[in-house]
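Okay, structure first, notes after.
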Amino acid sequence: MKTVILIGGQLATGKTTLANYISEKLSIPCFIKDRYKETLADTIGFTNREENKKLSVAVFNIFLNISKQFISLNKDLIIESNFKQNEIDELKELFEKNLEYQYVFETYQCLRNRSKDGDNRFVRNEFTRFGYVDCRFR
């Protein structure tokens, strides 16, 4: 069974750090929203909030296409973003249609908040408990 790990949460909560770390330790390709959005912004530009939102929608559509490609190749995948609920629902539907895939969604901040002191060891233990990470967090 192939795995898709969706890492979501609010801005500046450590999503990218966690996604990169899991990607490195498990050798799973990782797609980070900000990298794509910054590339689009640098190339196309934006002058107001509405145009910025359109860039976010474009990146999500890119992620949908990447996800479909990974499904066709039967490959594992990590996607990091500050997902909106409709985006989560759309991705879940995509992966549920492809029963050979399982998906994990947990916000990094939510995991940190469940530990009394915000200790990263709690995050590691949670992912390890589900069999996704066998590594040490710094």
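For the sequence shown, the working numbering begins at 1422 and goes up steadily by one. Beta carbons: idealized from backbone N, C-alpha and C, even for Gly.
Hey, quick one: how far does the beta strand (DSSP E) through residue i stretch, first residue to last?
i	result
residue 1500	1498-1501
residue 1468	It is not in any beta strand (DSSP E) - residue 1468 carries neither H nor E in the DSSP assignment.
residue 1427	1423-1428
residue 1453	1451-1453
Less than 8 Å separating the beta-carbons of residue i and residue j?
i	j	result
residue 1485	residue 1458	no
residue 1487	residue 1452	yes
residue 1480	residue 1454	yes
Based on the DSSP secondary-structure assignment, which residues constitute the bridge partners of residue i?
i	result
residue 1516	For residue 1516, which the question treats as bridged, DSSP gives no partner whatsoever.
Residues in the same chain with beta-carbon distance under 6 Å from residue i, minus the five sequence neighbours each way, listed in chain order, please.
i	result
residue 1504	1429
residue 1492	1519
residue 1482	none
residue 1570	Residue coverage of the chain in this structure runs from 1422 to 1559, which leaves residue 1570 outside it and unanswerable.
residue 1449	1497 and 1499
residue 1508	1481
So, at 8 Å on beta carbons, what are the nonlocal neighbours of residue i in its own chain, with the 5 sequence-adjacent residues on each side left out?
i	result
residue 1473	1462 and 1467
If you follow the alpha helix (DSSP H) that residue i is part of, which residue opens it and which one closes it?
i	result
residue 1448	Taken as a continuous stretch (DSSP letters only), residue 1448 belongs to no alpha helix (DSSP H), as it is neither H nor E.
If I measure Cβ to Cβ from residue i and keep anything under 7 Å in the same chain, skipping five residues before and after, which residues do I get?
i	result
residue 1490	none
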